[in-house]
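Chemist:
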Amino acid sequence: MPRNIPKSNRLRKGGLSPPSTGNSRRPGLRLRVSADAERHLRFGHPWLFADSVREQNRPGTLGELAAIYDRRDRFLAIGLFDPDSPLRVRVLQAGKPVPIDAAWWRDRFRETIGRRDSLFDARTTGYRLIHGESDGWPGLVLDRYDATLVLKLYTAAWLPRLGEVVGLARHELGQERVVLRLSRNVQGVASDAFGVVEGLLASGNDDESARRSAVRSHSRTGLPECAPPVTLAPVVFRETGLRFEADVLRGQKTGFFLDQRENRRIIESLARGRDVLNAFSFTGGFSVYAARGGARSVCDLDISEHALAGSRRNFALNTHVPAVAACPQDTIQADAFDWLGGNSRKFDLVVLDPPSLAKREAERSGAIAAYHNLARAGIQRLEPGGILVAASCSAHVSDEEFFAAVRRAARHSRRTFAELRTTGHPPDHPATFTEARYLKCIYLRL
């Protein structure tokens with residue numbers, strides 16, 4: 000289990016070496032940071048970058064707890080250390096030193112999960128349980144898809160604690176099937192240093208794919224390591240009474256875009272009697288909602304035939320809903336940018352939800368221009384009185400930069416337009432600091 004924070008919340012005067020403990024136990028890892036970092040940490044920012052570290056009492060190891068102090072040796076925060084990342088510490092606890100022990104992890108988990116209790120009823124069985132830094136679990140997300148949990152790591156600092164996290168989730172939530180997903184930056188060290196790969200970590204006795212997996216214990220993570228199943232059938236879950244499938248092992252994100260739930264509901268309320276184009280449709284979530292809302296027709300446009308096949312399956316899962324069964328669905332496999340610019344077909348509601356167009360700060364200005372051009376192309380596909388729904392998941396493009404790009408496209412169209420609303424993050428995807436705010440959406444009638 001994680002080591003407690005040292006009882007003293009001050010470093011010894013004159014340096015980072017802690018007082019002698021009288022035994023051979025290695026001293027806790029302690030850092031002193033720059034004035035700018037002090038200020039950011041005091042205002043609740045959850046990241047400490049390597050270039051902000053001014054002193055360090057000893058080398059640290061991956062996933063070790065690192066206590067952070069200011070220039071006067073006052074405690075600021077404690078978090079997970081990564082010696083090989085420019086993001087050196089991800090904060091777990093700030094302000095007041097507390098023991099980071101088994102009880103702390105349990106209480107933090109229960110507190111986080113408890114915030115979801117009032118958000119969903121039995122009609123929804125797919126949602127985010129833990130949303131990284133904004134929930135106090137930096138670089139970690141946990142999603143529920145019915146009886147399956149999907150754990151995704153965005154930092155290697157969690158790997159030494161993986162067994163504890165999985166055990167805690169299974170014990171507290173009762174679900175036995177846990178699937179591990181790893182971001183690209185984590186996959187190499189997970190495999191090379193820990194022998195961990197994406198796949199099924201824990202499974203109920205009735206899971207045939209798990210029984211076929213070769214299981215062995217890995218001492219560095221404390222969990223049974225399962226070779227990924229040859230196949231893992233998509234998980235079917237419910238969202239506001241509709242049924243969807245999630246490819247939890249190989250699908251985008253953790254298998255479904257759970258963060259767009261609220262926008263799907265809004266589109267449902269706007270779709271009646273309209274021909275709807277869902278560009279960058281992925282597996283058709285917006286389209287199924289539009290159909291339930293009474294759309295005259297829906298068209299899914301995506302470059303991936305695999306995604307479009309998923310869209311057709313999701314429609315088939317909901318034909319028990321009369322409005323969905325009555326709604327014609329069309330699918331087009333094409334590059335959405337090319338198709339929108341080179342086609343004359345018109346719609347009454349156009350949804351533009353592309354993948355992130357700015358994965359780094361250097362791409363920000365190009366992404367803003369691309370969002371503007373995409374909105375102009377979408378507007379050209381709109382009948383008079385139609386509705387444009389434009390979304391962005393690029394954290395490097397701010398809300399106002401994105402909204403301004405879409406509004407500018409509307410003005411350039413020389414059509415009278417009205418802004419219906421803008422939206423951001425849903426409640427199960429909180430965003431408590433600037434870098435966490437990636438999702439935004441704007442609705443215009445033209």
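Just so we're aligned, residue 0 is where the sequence shown starts under numbering that gives the first Met the number 0, counting upward by one.
Using N, Cα and C, we set each Cβ at its ideal position, and we do this for glycine too.
None of these values were measured; they are calculated from a predicted model.
(1) Please look up how many angstroms separate the CB atoms of Phe80 and Ala65, rounded, as I've assumed it's under 8 Å.
(2) On the three-state DSSP scale, how would you describe Pro5?
(3) Can the beta-carbon of Phe346 be found less than 9 Å from the beta-carbon of Asp274?
(4) With distances taken Cα to Cα, identify the nearest neighbour of His149 among Pro137, Leu181, Gly340.
(5) For the beta strand (DSSP E) containing Ser391, list its first residue and its last residue.
(6) CB-CB under 8 Å to His395, same chain, minus the five flanking residues each way: which ones, in chain order?
(7) Which residues in the same chain as His424 place their Cβ atom closer than 6 Å to its Cβ, once the five residues preceding and following it in sequence are excluded?
(8) Should Asp301 go down as buried or exposed, given a rule of 16 or more other Cβ atoms within 10 Å for buried?
(9) Leaving aside the five residues before and after Arg271 along the sequence, list all residues of the same chain whose C-beta is less than 8 Å from its C-beta, in chain order.
(10) Tell me the residue span of the alpha helix (DSSP H) that contains Glu110.
(11) Among the candidates Ala333, Thr330, His428, Ser280, whose CA atom is the shortest distance from the CA of Val388?
(12) If you draw a straight line from the C-alpha of Asp334 to the C-alpha of Glu261, how long is it?
(13) Taking the beta carbon of Ser117 as the centre, do at least 16 other beta carbons fall within 10 Å, making it buried, or is it exposed?
(14) What is the DSSP secondary structure of Phe402, reduced to helix, strand or coil?
(15) For Asp142 and Val234, what's the separation of their Cα atoms in angstroms?
(16) If you reduce the DSSP assignment to three classes, tell me which class Thr433 lands in.
(17) Closest to Glu171 by C-alpha separation, out of Ser133, Gly340, Asp106, would be which residue?
(18) Buried or exposed for Thr305, please, with buried defined as at least 16 other CB atoms from any protein chain shown within 10 angstroms of its CB.
(19) For Ala168, does the count of other Cβ atoms within 10 angstroms reach 16, so buried, or fall short, so exposed?
(20) Compare the C-alpha of Val247 against each of Ala308, Asp329, Ala290, Ala232 and name the closest.
(21) Roughly how many whole angstroms lie between the Cα atoms of Glu197 and Lys151?
(22) Do you know offhand how far Ser216's Cα is from Ala189's?
(23) Apart from the five residues on each side of it in sequence, which residues of its chain come closer than 6 Å, Cβ to Cβ, to Ala374?
(24) Would Phe48 pass as a contact of Leu86 if the rule is Cβ separation under 9 Å?
(25) Hey, how far is the Cα of Gly187 from the Cα of Arg311?
(26) Taking Val297 and Asn277 to be in contact with their CB atoms under 8 Å, please state how far apart those CB atoms are, rounded to whole angstroms.
(27) Does the separation of the CB atoms of Ala446 and Ala322 fall below 9 Å?
(28) Have a look at Ser303, Thr421, Arg70 and flag the residue whose alpha-carbon is nearest the alpha-carbon of Glu37.
(29) How many angstroms separate the CA atom of Lys95 from the CA atom of Arg413?
(30) With a threshold of 16 other CB atoms inside 10 Å of the CB of Tyr442, please say whether the residue is buried or exposed.
(31) Could you tell me if Ser212 is buried or exposed, where buried requires 16 or more neighbouring beta carbons within 10 angstroms of its beta carbon?
(32) Nearest-angstrom Cα distance between Thr20 and Leu28?
(33) Quick one: measure Cβ to Cβ for Ile129 and Thr147, integer angstroms, because I've assumed they're closer than 8 Å.
(34) Does DSSP put Gly293 in a helix, in a strand, or in coil?
(35) Pick helix, strand or coil for Glu197, following the three-state DSSP scheme.
(36) Please work out which residues of its chain come closer than 6 Å, Cβ to Cβ, to Leu30, disregarding the five sequence neighbours upstream and downstream, and give them in chain order.
Modeler: According to the structure shown:
(1) Here residue 80 corresponds to residue number 81 of the sequence shown, with the count starting at 1. Here residue 65 corresponds to residue number 66 of the sequence shown, with the count starting at 1. For a cut-off of 8 Å, the C-beta gap from Phe80 to Ala65 is around 4 Å, short enough to register as a contact.
(2) Translated into the one-based positions of the sequence shown, residue 5 becomes position 6. In this predicted model, Pro5 has a pLDDT of only 35, less than 50, meaning its place in the structure is not dependable enough to derive any value.
(3) Locating residue 346 in the sequence shown gives position 347, counting from the first residue. Locating residue 274 in the sequence shown gives position 275, counting from the first residue. With respect to the 9 Å criterion, Phe346 and Asp274 are classified as neighbours on the basis of their beta carbons.
(4) Translated into positions along the sequence shown, residue 149 becomes position 150. Reading off the sequence, residue 149 comes out as Val, not His. Checking every option, the nearest Cα to that of Val149 belongs to Leu181.
(5) Within the sequence shown, numbered from 1, the residue matching residue 391 stands at position 392. 381-391 is the extent of the beta strand (DSSP E) around Ser391.
(6) In the sequence shown, residue 395 corresponds to position 396, counting from 1. Within the same chain, His395 has close Cβ partners Ala357, Lys358, Arg359, Glu360, Glu362, Arg363, Ala366.
(7) Here residue 424 corresponds to residue number 425 of the sequence shown, with the count starting at 1. Excluding residues within five positions, the ones whose Cβ falls inside 6 Å are Ala430, Leu438.
(8) Reading the sequence shown from its first residue, position 302 is the one you call residue 301. It counts as buried.
(9) Translated into positions along the sequence shown, residue 271 becomes position 272. Only Gly292, Gly293, Ala294 meet the Cβ criterion.
(10) For the purposes of this step, residue 110 is taken as residue 111 along the sequence shown, with counting starting at 1. Glu110 -> alpha helix (DSSP H) spans 101-113.
(11) Working through the sequence shown from its first residue, we reach residue 388 at position 389. Ranking Ala333, Thr330, His428, Ser280 by Cα distance to Val388 puts Ser280 first.
(12) As a working note, residue 334 is residue 335 in the sequence shown. As a working note, residue 261 is residue 262 in the sequence shown. Per the coordinates, the alpha-carbon of Asp334 lies some 26 Å from the alpha-carbon of Glu261.
(13) Stepping through the sequence shown from its first residue, residue 117 is reached at position 118. With fewer than 16 other Cβ atoms within 10 Å, it is exposed.
(14) Locating residue 402 in the sequence shown gives position 403, counting from the first residue. Looking at Phe402 - three-state DSSP - the assignment turns out to be helix.
(15) For the purposes of this step, residue 142 is identified with residue 143 of the sequence shown, where counting begins at 1. For the purposes of this step, residue 234 is identified with residue 235 of the sequence shown, where counting begins at 1. Distance between the alpha carbons of Asp142 and Val234 is about 12 Å.
(16) Stepping through the sequence shown from its first residue, residue 433 is reached at position 434. In this structure, Thr433 counts as helix in the three-state DSSP scheme.
(17) Residue numbering aside, residue 171 sits at position 172 when the sequence shown is read from its first letter. Closest by alpha carbon: Asp106.
(18) Position 306 of the sequence shown, counted from the first residue, corresponds to residue 305. One detail in the question is off: residue 305 reads as His in this sequence, not Thr. Here His305 is exposed: its Cβ has fewer than 16 other Cβ atoms, across all protein chains shown, within 10 Å.
(19) Numbered from its first residue, the sequence shown carries residue 168 at position 169. Burial call: buried.
(20) Residue numbering aside, residue 247 sits at position 248 when the sequence shown is read from its first letter. Selection Ala308, Asp329, Ala290, Ala232 evaluated against Val247 yields Ala232 as nearest (Cα-Cα).
(21) Taking the sequence shown and counting its residues from 1, one reaches residue 197 at position 198. Taking the sequence shown and counting its residues from 1, one reaches residue 151 at position 152. Separation of Glu197 and Lys151 (C-alpha to C-alpha, rounded to the nearest whole angstrom) is 9 Å.
(22) For this step, residue 216 is matched to residue 217 along the sequence shown. For this step, residue 189 is matched to residue 190 along the sequence shown. Annotation note: pLDDT 42 at Ser216 (below 50); position unreliable, coordinate value reported separately. The alpha-carbon atoms of Ser216 and Ala189 are separated by roughly 15 Å.
(23) Taking the sequence shown and counting its residues from 1, the one referred to as residue 374 is at position 375. If you ignore the 5 residues before and after Ala374, its C-beta comes within less than 6 Å of the C-beta of Ala389, Val405, Ala408, all in its own chain and listed in chain order.
(24) Taking the sequence shown and counting its residues from 1, one reaches residue 48 at position 49. Taking the sequence shown and counting its residues from 1, one reaches residue 86 at position 87. Phe48 is a Cβ neighbour of Leu86, given a cutoff of 9 Å.
(25) Taking the first residue of the sequence shown as 1, we reach residue 187 at position 188. Taking the first residue of the sequence shown as 1, we reach residue 311 at position 312. Rounded to the nearest whole angstrom, the CA to CA distance from Gly187 to Arg311 is 35 Å.
(26) Residue numbering aside, residue 297 sits at position 298 when the sequence shown is read from its first letter. Residue numbering aside, residue 277 sits at position 278 when the sequence shown is read from its first letter. Distance from Val297 to Asn277 at the Cβ level is roughly 6 Å; contact confirmed, criterion being Cβ atoms closer than 8 Å.
(27) Lying before the first or after the last residue shown, residue 446 is absent from the chain, which here runs from 0 to 445.
(28) For the purposes of this step, residue 37 is taken as the residue at position 38 of the sequence shown. Ranking Ser303, Thr421, Arg70 by CA distance to the CA of Glu37 puts Arg70 first.
(29) In the sequence shown, counting from the first residue as 1, residue 95 sits at position 96. In the sequence shown, counting from the first residue as 1, residue 413 sits at position 414. C-alpha separation (whole angstroms): 56 Å.
(30) Translated into positions along the sequence shown, residue 442 becomes position 443. Burial call: buried.
(31) On the sequence shown, position 213 is the one that residue 212 refers to. Only weak support exists for where Ser212 lies, its pLDDT of 37 falling under 50; the coordinates are left without a value.
(32) For the purposes of this step, residue 20 is identified with residue 21 of the sequence shown, where counting begins at 1. For the purposes of this step, residue 28 is identified with residue 29 of the sequence shown, where counting begins at 1. The predicted position of Thr20 is uncertain, since its pLDDT is 32 and thus under 50; a value taken from the coordinates is nonetheless stated next. For Thr20 and Leu28, the gap between their C-alpha atoms comes out near 14 Å.
(33) Along the sequence shown, read from residue 1 onward, the residue named residue 129 stands at position 130. Along the sequence shown, read from residue 1 onward, the residue named residue 147 stands at position 148. Not a contact, Cβ separation roughly 15 Å.
(34) Against the sequence shown, residue 293 aligns to sequence position 294. Correct three-state label for Gly293: coil.
(35) If you number the sequence shown from 1, residue 197 lands on position 198. Correct three-state label for Glu197: coil.
(36) Taking the first residue of the sequence shown as position 1, residue 30 is located at position 31. When the five nearest sequence neighbours on each side are left out, the beta carbons in the same chain lying within less than 6 Å of the beta carbon of Leu30 are those of Val52, Gln55, Ala65, Ile67, in order along the chain.
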